[in-house]
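Student: Attaching a single structure in structure tokens format; questions to follow.
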Amino acid sequence: MIAKKATGEPKGITVKILRCLKPYSFLISLSFILAAVSVVLTLYVPILIGDAIDLIVGQGQVDFPAISRILFRIGIIIGITAITQWFMTVINNRITFQVVRDIRNKAFRKISVLPLKYIDSHSHGGIVSRVIADVEQFADGLLLGFAQLFTGGLTIGVTLLFMFSFSFKIALVVVVLTPISLLVARFIARRSYSMFRLQAEIRGEQTGLINEMIGNQKVIKAFSYEKKATERFDEINERLEKASLRATFFSSLTNPTTRFVYSLVYAGVGFAGALSVIASGGAFTIGRLVSFLNYANQYTKPFNEISGVITELQNALACANRIFELIEEEPQIPDAVNALTLGPVHGNVSMKNVSFSYTPEKPLIKGLNLSVNARHRIAIVGPTGCGKTTIINLLMRFYDINSGEIAVDGQDIRSVTRKSLRSSYGMVLQDTWIKTGTIRDNIVIGKPDATDSEVIAAAKAAHAHSFIKRLPDGYNTFITDEGGSLSQGEKQLLSIARVMLIRPPMLILDEATSSIDTRTEQKIQQAFYSLMEGRTSFIVAHRLSTIQKADVILVMRDGNIIEQGNHEDLLRKNGFYAKLYNSQFSV
Amino acid sequence: MKKLLFYMKDYIKESIFGPLFKLIETIFELSVPLVVAAIIDRGIGHGDKGYITKMSLVLVALGAAGLLFSVTAQYFAAKASAGFAKKLRHALFVHLQKLSFSEIDTLGASTMITRLTSDTNQVQVGVNLTLRLLLRAPFVVFGAMVMAFAIDFKAALVFAATIPLLFVVVFVVMFWSIPLYRKVQARLDRVLGITRENLSGVRVIRAFCKEEDEVAEFLRENNELSRMQKYVGRISALLNPATYVVINLSIIWLIWTGALRVEAGIITQGAVVALYNYVTQILVELIKFANLIITITKSIASAKRIEQVFEIESSLKEGQSLPERVSSPGTVEFRGVSLRYKNARENSLSDINFKAEPGQTIGIIGGTGSGKSSLVNMIPRFYDAAEGEVLVDNINVRDYQLEALRQKIGIVPQKAVLFAGTARDNILLGKEDATDDEIWEALTIAKADDVVKEKGGLDFYIEQGGKNLSGGQRQRLTIARALVRKPDILILDDSASALDFATDAALRRAIRKLRPIPTVFIVSQRTSSVQHADQIIVLDNGRIVGIGKRDELLRHCEVYREIHESQFQKEGA
Numbered sequence: 034m035i036a037k038k039a040t041g042e043p044k045g046i047t048v049k050i051l052r053c054l055k056p057y058s059f060l061i062s063l064s065f066i067l068a069a070v071s072v073v074l075t076l077y078v079p080i081l082i083g084d085a086i087d088l089i090v091g092q093g094q095v096d097f098p099a100i101s102r103i104l105f106r107i108g109i110i111i112g113i114t115a116i117t118q119w120f121m122t123v124i125n126n127r128i129t130f131q132v133v134r135d136i137r138n139k140a141f142r143k144i145s146v147l148p149l150k151y152i153d154s155h156s157h158g159g160i161v162s163r164v165i166a167d168v169e170q171f172a173d174g175l176l177l178g179f180a181q182l183f184t185g186g187l188t189i190g191v192t193l194l195f196m197f198s199f200s201f202k203i204a205l206v207v208v209v210l211t212p213i214s215l216l217v218a219r220f221i222a223r224r225s226y227s228m229f230r231l232q233a234e235i236r237g238e239q240t241g242l243i244n245e246m247i248g249n250q251k252v253i254k255a256f257s258y259e260k261k262a263t264e265r266f267d268e269i270n271e272r273l274e275k276a277s278l279r280a281t282f283f284s285s286l287t288n289p290t291t292r293f294v295y296s297l298v299y300a301g302v303g304f305a306g307a308l309s310v311i312a313s314g315g316a317f318t319i320g321r322l323v324s325f326l327n328y329a330n331q332y333t334k335p336f337n338e339i340s341g342v343i344t345e346l347q348n349a350l351a352c353a354n355r356i357f358e359l360i361e362e363e364p365q366i367p368d369a370v371n372a373l374t375l376g377p378v379h380g381n382v383s384m385k386n387v388s389f390s391y392t393p394e395k396p397l398i399k400g401l402n403l404s405v406n407a408r409h410r411i412a413i414v415g416p417t418g419c420g421k422t423t424i425i426n427l428l429m430r431f432y433d434i435n436s437g438e439i440a441v442d443g444q445d446i447r448s449v450t451r452k453s454l455r456s457s458y459g460m461v462l463q464d465t466w467i468k469t470g471t472i473r474d475n476i477v478i479g480k481p482d483a484t485d486s487e488v489i490a491a492a493k494a495a496h497a498h499s500f501i502k503r504l505p506d507g508y509n510t511f512i513t514d515e516g517g518s519l520s521q522g523e524k525q526l527l528s529i530a531r532v533m534l535i536r537p538p539m540l541i542l543d544e545a546t547s548s549i550d551t552r553t554e555q556k557i558q559q560a561f562y563s564l565m566e567g568r569t570s571f572i573v574a575h576r577l578s579t580i581q582k583a584d585v586i587l588v589m590r591d592g593n594i595i596e597q598g599n600h601e602d603l604l605r606k607n608g609f610y611a612k613l614y615n616s617q618f619s620v
Numbered sequence: 057m058k059k060l061l062f063y064m065k066d067y068i069k070e071s072i073f074g075p076l077f078k079l080i081e082t083i084f085e086l087s088v089p090l091v092v093a094a095i096i097d098r099g100i101g102h103g104d105k106g107y108i109t110k111m112s113l114v115l116v117a118l119g120a121a122g123l124l125f126s127v128t129a130q131y132f133a134a135k136a137s138a139g140f141a142k143k144l145r146h147a148l149f150v151h152l153q154k155l156s157f158s159e160i161d162t163l164g165a166s167t168m169i170t171r172l173t174s175d176t177n178q179v180q181v182g183v184n185l186t187l188r189l190l191l192r193a194p195f196v197v198f199g200a201m202v203m204a205f206a207i208d209f210k211a212a213l214v215f216a217a218t219i220p221l222l223f224v225v226v227f228v229v230m231f232w233s234i235p236l237y238r239k240v241q242a243r244l245d246r247v248l249g250i251t252r253e254n255l256s257g258v259r260v261i262r263a264f265c266k267e268e269d270e271v272a273e274f275l276r277e278n279n280e281l282s283r284m285q286k287y288v289g290r291i292s293a294l295l296n297p298a299t300y301v302v303i304n305l306s307i308i309w310l311i312w313t314g315a316l317r318v319e320a321g322i323i324t325q326g327a328v329v330a331l332y333n334y335v336t337q338i339l340v341e342l343i344k345f346a347n348l349i350i351t352i353t354k355s356i357a358s359a360k361r362i363e364q365v366f367e368i369e370s371s372l373k374e375g376q377s378l379p380e381r382v383s384s385p386g387t388v389e390f391r392g393v394s395l396r397y398k399n400a401r402e403n404s405l406s407d408i409n410f411k412a413e414p415g416q417t418i419g420i421i422g423g424t425g426s427g428k429s430s431l432v433n434m435i436p437r438f439y440d441a442a443e444g445e446v447l448v449d450n451i452n453v454r455d456y457q458l459e460a461l462r463q464k465i466g467i468v469p470q471k472a473v474l475f476a477g478t479a480r481d482n483i484l485l486g487k488e489d490a491t492d493d494e495i496w497e498a499l500t501i502a503k504a505d506d507v508v509k510e511k512g513g514l515d516f517y518i519e520q521g522g523k524n525l526s527g528g529q530r531q532r533l534t535i536a537r538a539l540v541r542k543p544d545i546l547i548l549d550d551s552a553s554a555l556d557f558a559t560d561a562a563l564r565r566a567i568r569k570l571r572p573i574p575t576v577f578i579v580s581q582r583t584s585s586v587q588h589a590d591q592i593i594v595l596d597n598g599r600i601v602g603i604g605k606r607d608e609l610l611r612h613c614e615v616y617r618e619i620h621e622s623q624f625q626k627e628g629a
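Chains A and B, in that order, give the protein sequences. If you read the first sequence in the working numbering, its first letter stands for residue 34, the second for the next number, and so on. If you read the second sequence in the working numbering, its first letter stands for residue 57, the second for the next number, and so on.
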């Protein structure tokens, strides 16, 4: 089964997995050895117990010295087995957790150099689940699965060996009968699989409905949709009950039926064994029969485990594939070996014949030319989807252009290090981002060694000081992105404070469209202005006042700059800008 | 727990018969070692092959009977748990729908969803396993002990010592490691958090060139996680060897005492074998039992969480009044109204007084957090006033039957929400029995007719969350949905934010042409959206700081002027 599945996978997956395991080859071999020792010893104990029972024949026929010798031996074996078992588990854990750690580290390192194109076009939840859940499942399934497979296989082998060496006939009974339990288990598993899938589907449907209904309570209540919603819910609920009953019942048949097969094996061994004892006249003893009965129990267990392990291994391989896909993803083009460090920047920015598109089929920016003088304010305006944020992506080199050239102070940005380029810009985006940590941690992101007074000064300049002071622990208040303890406007002020602290020569500002109250907005506005003083600034602008104060307005439409100039010029031109402007103010 | 047991009441029969049949099964199972002992002592002892055959068949019969009883038990358990879960989910869903917004806000949507899904599933599994297995293990363990004592009192003392010891070992290891596992989980959450954060904040991180620092932090946290996992692993790795040692030591003890008793002629060799078999049976059951306890503990935790939700009572008590239709409906009056959200320290609205006459347009403006949405949310009674009263057509909203009140109101929420279904289904939400003509009329006013036509008419299927429409298109459909019921009161809660200025203006013009004219509330950040209103209410910090027409406000209301100027600074202003 594994082989079949494996051929379907890209060929190198096994090699890749082995490469991950290579540093642990010593531990892995040790684990195998310990497993072998523990299996053999565990299986040896029933034989010794059988021997001991043979020495307890009847009244006055007990060989105490011999028994005590055997029991002593059992005691020692138990001790060794227990220690081996413990070490084996600890070693397996060690291998598993460290492999998990290694792979996660690799995956995370990859994330930090992935091109933004990848991150923007893949669901973040999906990437996170690769790093967290898939890695875990891979390690659990593969490593523990192999351990189980090995121990299981060995147990079966050694048991067979012992059994056949004692009595061929009885061993045959066991070997013939036990596969029945496997067949039964397989049959049930196959039947219940489709039922479980049905249950999962209905459950998914129900969760979808719940999501929709719970998430939109306001609309539900406003339009008195509750009854209808409950009806829809109940309809699914009814189906779910039926599916769930069938799935639960069918899958729970595995235990009783396999138990029944065991009891057949047990009866078979008991019957054949008892007859052998009588027939062999002492060669096959009662003690052996007892060992056999014990084996009959132990022999079937690994079979069941192995069939479980196989599905788990397949699953693990699928997970491994997803992880390696991420790890092997093409990283962004690294900085050129001879990349320069952008020196003290004046702030002249030019774009020459720049073309860019996110997907080859949909060209976005074509032959864009732009020349920006140092310390100028450039407002970028235009309808949604016209490519305003794309300009930010290109300036910061989040995305590489397809052709043409973007230069800062005459220096092509692809010829300088990303680090020096990006640290010449201060960026405040509309989608503010908060790092889990304290307020202070969040401000000093660009300058970790900032002093407290610098931090406070930056916060004050960003008009953030007053709200920070009101937080329970001031600058040491712990915040998270989802926490929602800060309002949108406050988050924005915080991101301005970040930039205030480092005061870079160039700025990229993305004005918020809405959802910030006027007062805060004015603070942000003021903060923006003081920040822009003496800096080349690119502003994705929504506010008229910002637009009016800009030195150059770039009017964008469908990826092109269609008009360029200041407010008055553009109004006089009576083109697209004038139309945009008028639609806003004539009702 | 008790409250949830209520939903088991239709499954009492199953809940009794399930475990009962399971118990009978274990009796069969416990008889097996006795039969084996008989085979050894009588069958082999006397060389009686017929007896051996008979007893072997008895073993098979015991197995078959066990199978029959246990399958029946499984069926009862599955039926009871599936049925219970269905009733529980239904009750929980209905309960959640009854809660008012203050409770929903405190709970949070994601909590509600997990309670309804993963928590109820967990409880279902718990009920199923409890009915099936919870009684089995103790019964096998104590049954084995009783059987052992029946065979020989002195030899059976081993059991009396072993069983408690095994319980102690299992529970010590479990209770030692469970809290540690919780710590591991917390560490894992941290690692997950960093990963997620690095994806959502990728632009900021790269803009500040923090990639290396973030990698370092991840490595540190990941290492911590791995260290913690290994530590916990070492402890839980003790469980198997420890139980192995206890069981095998007791076997040694058993054989020794067994040998002594056989020597004295008190018991037979077969009896020793039977005792030995009982010990192994106990071990198997105990390991299963430990796993069972873990699952059931999880279920109990889930059950408790669900119960907490049930304990939340809706603070909204419905009125009974079904008022007659007044001649010119649409009056809305706030008298000294204040609003305080649950667990909030301060009022969100204070001392709100105003009256909207039928057909008037009321603009509401102010910054975020100034209370604009809160104010309009009080009209359909999403929230109750802490003080004062809200009157619709001169009747306190608390006296209305909720549905009667909400039928009068068409609301277009901030977030344009559509449900999975056809465009028609979605509009019909506003008025169940609307004809296609009425629907098209509403669509036309809402400037959504083109959207629907372009997409293929009223049967156009809207995906969950309206994913196959743009924000503006969704918004227009939600406006049509509100319009189709020809409401007396129309609330546009910042609804135009996804529309461009021109559409926004055209929409407002179209609404004014409606007959009869509804009373319209327009909540907005943009002064341009409200400038033609009959009254503009200016909110700041939950208080009305200005009310009147645009020109009056420009003269007398500083906050309004500020907002206006920030948006309308024309040349020379």
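Yeah, the Cβ is synthetic: ideal placement off N, Cα and C, and Gly gets one too.
Report yes or no: do the region 267-284 of chain B and the region 148-167 of chain A share at least 3 C-beta pairs separated by less than 8 Å?
Tutor: no
Student: Distance, Cα to Cα, A:S453 vs A:G443?
Tutor: Taking the first sequence and counting its residues from 1, the one referred to as residue 453 of chain A is at position 420. Taking the first sequence and counting its residues from 1, the one referred to as residue 443 of chain A is at position 410. Approximately 15 Å between the Cα atoms of the pair.
Student: How many angstroms separate the CA atom of A:I243 from the CA atom of B:S355?
Tutor: Working through the first sequence from its first residue, we reach residue 243 of chain A at position 210. Working through the second sequence from its first residue, we reach residue 355 of chain B at position 299. Answer to the nearest angstrom: the Cα atoms are 21 Å apart.
Student: Given 8 Å as the limit, is there contact between the region 305-318 of chain B and the region 206-218 of chain B, that is, 3 or more CB pairs closer than that?
Tutor: yes
Student: Nearest-angstrom Cα distance between B:S126 and B:K78?
Tutor: Here residue 126 of chain B is taken as the residue at index 70 of the second sequence, counted from 1. Here residue 78 of chain B is taken as the residue at index 22 of the second sequence, counted from 1. So the two alpha carbons sit approximately 6 Å from each other.
Student: Decide if B:I362 is buried, meaning its Cβ has at least 16 other Cβ atoms within 10 Å, or exposed.
Tutor: If you number the second sequence from 1, residue 362 of chain B lands on position 306. Counting Cβ neighbours within 10 Å, B:I362 comes out buried, since at least 16 surround it.
Student: Where A:E42 and A:N354 are concerned, what is the direct C-alpha to C-alpha distance, given to the nearest angstrom?
Tutor: Here residue 42 of chain A refers to the residue found at position 9 of the first sequence. Here residue 354 of chain A refers to the residue found at position 321 of the first sequence. The pLDDT assigned to A:E42 is 48, lower than 50, so where the model puts this residue is not dependable, and the model offers no usable value.
Student: Alpha carbon to alpha carbon, how far is B:F157 from A:R223?
Tutor: Within the second sequence, the letter at position 101 stands for residue 157 of chain B. Within the first sequence, the letter at position 190 stands for residue 223 of chain A. Whole-angstrom Cα-Cα distance: 46 Å.
Student: Which of helix, strand or coil does DSSP assign to A:L215?
Tutor: As a working mapping, residue 215 of chain A is identified with position 182 in the first sequence. Of the three classes helix, strand and coil, the one that applies to A:L215 here is helix, per DSSP.
Student: Should A:G479 be labelled buried (16 or more other beta-carbon atoms within 10 Å of its own) or exposed?
Tutor: Residue mapping note: residue 479 of chain A aligns to position 446 of the first sequence, counting from 1. Buried, because 16 or more other Cβ atoms sit within 10 Å of the Cβ of A:G479.
Student: Buried or exposed, going by whether 16 or more other CB atoms sit within 10 Å of the CB of A:Y328?
Tutor: The residue labelled residue 328 of chain A in the question sits at position 295 within the first sequence. Result: buried.
Student: Alpha carbon to alpha carbon, what distance is there between B:L295 and A:S548?
Tutor: Taking the first sequence and counting its residues from 1, one reaches residue 548 of chain A at position 515. Taking the second sequence and counting its residues from 1, one reaches residue 295 of chain B at position 239. Its pLDDT being 49, under 50, A:S548 is placed unreliably by the model, and nothing is read from it.
Student: Between B:A441 and the rest of its own chain, which residues show a CB-CB distance below 7 Å, the 5 nearest in sequence each way excluded?
Tutor: Within the second sequence, residue 441 of chain B is the residue found at index 385, counting from 1. Excluding sequence neighbours, B:A441 sits near V393, S394, L395, M434.
Student: Does the Cβ of A:G91 have 16 or more other Cβ atoms within 10 Å, making it buried, or fewer, making it exposed?
Tutor: As a first step, residue 91 of chain A must be located in the first sequence, where it is residue number 58. Exposed: under 16 other Cβ atoms inside 10 Å.
Student: In this structure, what does DSSP give as the bridge partners for A:I46?
Tutor: Taking the first sequence and counting its residues from 1, the one referred to as residue 46 of chain A is at position 13. Its beta-bridge partners do not exist; DSSP assigns none.
Student: Measure the C-alpha to C-alpha separation of A:K139 and A:D167 and round it to an integer number of angstroms.
Tutor: Within the first sequence, the letter at position 106 stands for residue 139 of chain A. Within the first sequence, the letter at position 134 stands for residue 167 of chain A. C-alpha separation (whole angstroms): 14 Å.
Student: Can you give me the C-alpha to C-alpha distance between B:G373 and B:R462, rounded to a whole angstrom?
Tutor: On the second sequence, position 317 is the one that residue 373 of chain B refers to. On the second sequence, position 406 is the one that residue 462 of chain B refers to. Per the sequence shown, the amino acid found at residue 373 of chain B is Lys instead of Gly. For B:K373 and B:R462, the gap between their C-alpha atoms comes out near 15 Å.
Student: So which of A:I66, A:L74, A:G248, A:A218 has the shortest CA-CA distance to B:A165?
Tutor: Against the second sequence, residue 165 of chain B aligns to sequence position 109. It is A:G248.
Student: When you compare only the Cα positions, how much space is there between A:T40 and A:Q347?
Tutor: Stepping through the first sequence from its first residue, residue 40 of chain A is reached at position 7. Stepping through the first sequence from its first residue, residue 347 of chain A is reached at position 314. Confidence in A:T40 is poor, its pLDDT being 40 and thus under 50, which makes the residue's placement too unreliable to answer from.
Student: Any C-beta of chain B sitting closer than 9 Å to the C-beta of A:A351?
Tutor: Counted from its first residue, the first sequence places residue 351 of chain A at position 318. No, A:A351 does not count as interfacial toward chain B.
Student: Counting only Cβ pairs nearer than 8 Å, list the residues of chain B close to A:D267.
Tutor: Stepping through the first sequence from its first residue, residue 267 of chain A is reached at position 234. Ordered by position in chain B, the residues that pass the 8 Å Cβ test against A:D267 are H146.
Student: Select from A:K260, A:R321, A:I111 the residue whose C-alpha is nearest the C-alpha of B:H146.
Tutor: Mapped onto the second sequence, residue 146 of chain B falls at position 90. Among A:K260, A:R321, A:I111, the Cα nearest to that of B:H146 belongs to A:K260.
Student: Looking at chain B, is there any beta carbon in it that lies within less than 9 Å of the beta carbon of A:A329?
Tutor: Working through the first sequence from its first residue, we reach residue 329 of chain A at position 296. So, not an interface residue.
Student: What does B:I95 reach in chain A if we use C-beta pairs closer than 9 Å?
Tutor: As a working note, residue 95 of chain B is residue 39 in the second sequence. The answer, in chain order, is G303, F304, G306, A307, L322.
Student: Since A:A412 sits in a beta bridge, which residues does DSSP pair it with?
Tutor: Residue numbering aside, residue 412 of chain A sits at position 379 when the first sequence is read from its first letter. A:A412 pairs with A:I572, A:I586.
Student: One question on the structure: do B:A327 and B:G314 come within less than 9 Å of each other, judged by their Cβ atoms?
Tutor: Position 271 of the second sequence, counted from the first residue, corresponds to residue 327 of chain B. Position 258 of the second sequence, counted from the first residue, corresponds to residue 314 of chain B. Contact: yes.
Student: So which residues of chain A does B:C265 contact, with C-beta pairs closer than 7 Å?
Tutor: What you label residue 265 of chain B is simply residue 209 of the second sequence in a count that begins at 1. What B:C265 touches in chain A: K452, R455, S456.
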